[in-house]
């Protein structure tokens, strides 16, 4: 090949989008054949994953090996898919043992194996849509899939639907001549709406209404949304804060009572974690840090309670949080001239919460007696 022809060819490649270049350079047939022949043994998931990805020459091929293995290894568990069904798989090891699961299980297994392979992966929760059926889109999130980062670029994939369609193409594959592996985001959005807008991987994220009625994503020419920065911001959050953000985003898209309750419980999960953190510092004698954690926990308990009723165990945790907070305030105020009014107030709040449980448990009855004694002394 002459120098001029080579330079022209290189110039054309540089102009092609990165996704197109990777599709030209990668043939997954050999990887797929290899993956479908592998049998999970008792060596453990880490050792098996490392063995599974050995033929992969790059991140895309290693991810493909994981994707294809899961699509053929797991069977969709229809008995666990209907509303109200009890989840059979509580962790990755249950998924591997049962060899069955729902979309969440497929996505979580792909997430775990990708992490073992050194591939950045996020489990995405959102809404699905049948592009041919007339049935309405669910009012709460009903599907899970994955977002991965390969060679510094983000991609979308759905191993559950790849598994369900491995014997024959579905309407999406038939209409758009593509599959669910590293799918073009502008096609993926046609039947996948993530709770977090950034996970659409679109320069102009569409609203839920546009997804529901299959409106074409808007042109990105006038958009300034940077989904990469938003994804980085999401990744910087703790797991519990990610769940709060996810639930809040769902409620913004579909502000109904159930989504508000789900958001409330995500907030309460964070409150419980802060309460336990406060207990840890209290036991260590670090009263100032314990106060900070209890302060934060009580704010979130109040916020969560605006959105949903507390379960008895959540109410009990709130009551003991108020009680311990009062103990901390007493210790911090003991050697100062400050009034104990705030201590008494929190003791009374704790009493009201714990008494409302009408529980005969020794711990709660003992706490109520302690509270009454302390209030009588301070007043």
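Numbering (this note's numbering), first residue to last: 94 to 472.
For every residue, glycine included, the Cβ atom is placed at its ideal position computed from N, Cα and C.
Fair warning: this is a prediction, and the values are worked out from it, not measured in the lab.
Counting of Cβ neighbours within 10 angstroms places residue 356 among the buried residues, the total reaching 16 or more. Cβ-Cβ separation between residue 185 and residue 145: approximately 15 Å, too far for a contact (criterion under 8 Å).
For residue 427, no alpha helix (DSSP H) run applies, since DSSP gives it neither H nor E. Sorting 182, 197, 322, 157 by C-alpha distance to the C-alpha of residue 236 places 197 at the top.
DSSP places residue 448 inside the alpha helix (DSSP H), whose first and last residues are 434-448. Spatial neighbours of residue 337 in its own chain (CB-CB distance under 7 Å, excluding positions within 5 residues in sequence) are listed in chain order as 359, 360, 363. Beta-carbon to beta-carbon, residue 158 and residue 207 are separated by about 11 Å, too far to satisfy the 8 Å threshold. Restricting attention to 405, 335, 388, the CA atom closest to the CA of residue 325 is found in 335. Taken in chain order, the complete alpha helix (DSSP H) segments of 4 residues or longer contained in the stretch 288-343 are 301-305, 320-328. Looking at the DSSP output, residue 221 bridges to 285. Shown here, residue 160 sits in a helix according to DSSP, grouped into three states. Secondary structure of residue 242 (DSSP, three-state): strand. Nearest in C-alpha terms to residue 415, of all of 376, 369, 308, 442, is 442. Beta-bridge partners assigned by DSSP to residue 276: 249. Contact between the stretch 374-383 and the stretch 391-407 is absent, with fewer than three C-beta pairs closer than 8 Å. Sorting 141, 390, 298, 435 by C-alpha distance to the C-alpha of residue 370 places 390 at the top. With fewer than 16 other CB atoms across the displayed protein chains lying within 10 angstroms of its CB, residue 462 is exposed. Between the alpha carbons of residue 289 and residue 453 lies a distance of about 44 Å. Cβ-Cβ distances below 7 Å link residue 448 to 461 in the same chain, with the five nearest sequence neighbours on each side left out; the list follows chain order.
Selection 347, 385, 298, 375 evaluated against residue 316 yields 298 as nearest (Cα-Cα). For residue 168, the secondary structure class from DSSP, reduced to helix, strand or coil, is strand. Put simply, of 200, 247, 469 the residue whose alpha carbon is nearest the alpha carbon of residue 436 is 469.
Just measuring C-alpha positions, the residue of 123, 164, 188 sitting nearest residue 255 is 164. With fewer than 16 other Cβ atoms from the protein chains shown falling within 10 Å of its own Cβ, residue 120 counts as exposed.
Residue 251 is classed as buried because its beta carbon has at least 16 other beta carbons within 10 Å across all chains shown. In the DSSP assignment, residue 397 falls within the alpha helix (DSSP H) that extends over 380-400. Counted as a single uninterrupted DSSP element, the alpha helix (DSSP H) harbouring residue 358 occupies residues 350-377.
Here DSSP, grouped into helix, strand and coil, assigns residue 130 to helix. When beta bridges are read from the DSSP output, residue 193 appears opposite 168. Annotated three-state conformation of residue 451 is coil, per DSSP. Buried is the label assigned to residue 346, since at least 16 other Cβ atoms lie within 10 Å of its Cβ.
DSSP, read as helix, strand or coil, puts residue 215 in strand.
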